[in-house]
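The structure under discussion appears below in the form of structure tokens.
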Amino acid sequence: MGEPFQFDYVGYLRNMVFLIILMGILAFILVKLKGGKAQIPGLPLLKLPKIGNNSSQQIRIVERTLLEGRKNLYLIQVFEDQYWLIGTTDTQITNLGQVKPPYEMGDGAEPDNPKAFAEYVEDHETKTTD
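Residue 169 in the working numbering is what sits at position 81 of the sequence shown, and the numbering runs on without skipping anything.
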């Protein structure tokens, strides 16, 4: 008939070592790409831009306030002199309008020390509801 089945232990171990080395190389590449600081030698096209508050950005989120559940209110600064109020839910984004910075409201706040967004909203509510 035929020979009985024999398991190839050496081939199995060789394949396992190869896969472990391959996984280590892939993990190294992913760590380098996620960090954004170091560039992988030989792969300059895979360097991803770092996301964050960069001084050259024209749009930045000044502050975010959670209203309820997945409803948020954002104060967005555009081009250093425009401030927009944006409302978001899990399904849509709504432009609530342009607002003046807190230090331009004439309430005595210093331009170097603007109020927190939550204080700005509270002041605005008391001024509009009274």
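Positions of the beta carbon are idealized from the N, C-alpha and C atoms, including for glycine. Computed from a prediction, not measured in an experiment: that's the story for all the values here.
Among the bridge pairs identified by DSSP, residue 182 is matched with 175. Rounded to the nearest angstrom, the gap between the Cα atoms of residue 117 and residue 107 is 15 angstroms. The beta-bridge partner set that DSSP reports for residue 148 consists of 165. Straight-line spacing of the CA atoms in residue 156 and residue 174 works out to 15 angstroms. Put simply, the backbone Cα of residue 153 is about 14 angstroms away from that of residue 184. Excluding sequence positions up to five before and after residue 182, its CB lies within less than 8 angstroms of the CB of 174, 175 and 176, all in the same chain and listed in chain order.
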